[in-house]
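Peer 1:
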Amino acid sequence: MKAPVHLTAFFLEKPERVVGLGYVLLLALQFARFMRAVVRHAMVDQPPVDLPDGRHIVQPSERVILDTLRTLWIEQRSHGSITWYQWTHVQPHARRILDMLQVPIEHRFQRPGSG
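Per my numbering, the sequence shown runs over residues 14 to 128.
#1: Taking 7 Å as the limit between beta carbons, can you name the residues of its chain near Ile-78, skipping five residues before and five after?
#2: So, are the CB atoms of Leu-64 and His-106 less than 8 Å apart?
#3: Could you check whether Gln-89 and Thr-81 sit closer than 8 Å to each other, using their CB atoms as the reference points?
#4: Rounded to whole angstroms, what is the Cα-Cα separation between Met-113 and Leu-25?
#5: Do Gln-99 and Glu-119 have their beta-carbon atoms positioned less than 8 Å apart in this structure?
#6: Taking the alpha helix (DSSP H) that Ser-81 falls in, what are its first and last residues?
#7: Buried or exposed: Pro-117, going by 16 or more other Cβ atoms within 10 Å of its Cβ?
#8: Counting only C-beta atoms, is Trp-86 closer than 8 Å to chain B at any point?
#9: Would you list the residues sitting across from Arg-90 in a DSSP beta bridge?
#10: Can the beta-carbon of Val-62 be found less than 8 Å from the beta-carbon of Ile-70?
What follows is the structure in structure tokens.
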């Protein structure tokens, strides 16, 4: 769904589509809960995360994690057959959460058939 604003009764007129949307929403919820569990487990012996608004979070909620990820940008760069993606505008609290989620700051790969 590229434009969720266009989600209308027309889109959900068949029962199968309602069920499909339900599965997508449940999957998104499970993924958010999984991220929360991973971050909280990683923070057991670590100091609180200092958010830009001055709060110190010991156990981040799904909302805090998703709001943090929402601030990130991904930049693509290429040189020959090598392309890499890296997060940009990474603030210290976002870097800590990415580290806890074991998400690399930079990812490189070579195009298939070029090596």
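Just so you know, even glycine gets a beta-carbon here, dropped at the ideal spot from N, CA and C.
Peer 2: Reading it off the structure:
#1: The residue given as residue 78 occupies position 65 in the sequence shown. Met-48, Arg-49, Val-52 and Ile-110.
#2: The sequence position of residue 64 within the sequence shown is 51, counting from 1. The sequence position of residue 106 within the sequence shown is 93, counting from 1. Yes; because the gap between Cβ atoms is below 8 Å, this pair is in contact.
#3: Reading the sequence shown from its first residue, position 68 is the one you call residue 81. Reading the sequence shown from its first residue, position 76 is the one you call residue 89. Contact: no.
#4: In the sequence shown, the residue the question calls residue 113 occupies position 100. In the sequence shown, the residue the question calls residue 25 occupies position 12. The straight-line gap from Cα to Cα measures roughly 38 Å.
#5: Reading the sequence shown from its first residue, position 106 is the one you call residue 119. Reading the sequence shown from its first residue, position 86 is the one you call residue 99. Gln-99 is positioned such that its CB atom lies closer than 8 Å to that of Glu-119.
#6: Counting from one through the sequence shown, the residue named residue 81 turns up at place 68. In the sequence as presented, Ser is not what sits at residue 81; that position holds Thr. Secondary structure note for Thr-81: its alpha helix (DSSP H) is the uninterrupted segment 75-83.
#7: Stepping through the sequence shown from its first residue, residue 117 is reached at position 104. Looking at its Cβ environment, which holds fewer than 16 other Cβ atoms inside 10 Å, Pro-117 is exposed.
#8: In the structure shown, chain B cannot be found, because there is only a single protein chain.
#9: The residue labelled residue 90 in the question sits at position 77 within the sequence shown. Answer by DSSP bridge pairing, in chain order: Trp-97.
#10: In the sequence shown, counting from the first residue as 1, residue 62 sits at position 49. In the sequence shown, counting from the first residue as 1, residue 70 sits at position 57. Yes, the pair counts as a contact, with Cβ atoms nearer than the cut-off.
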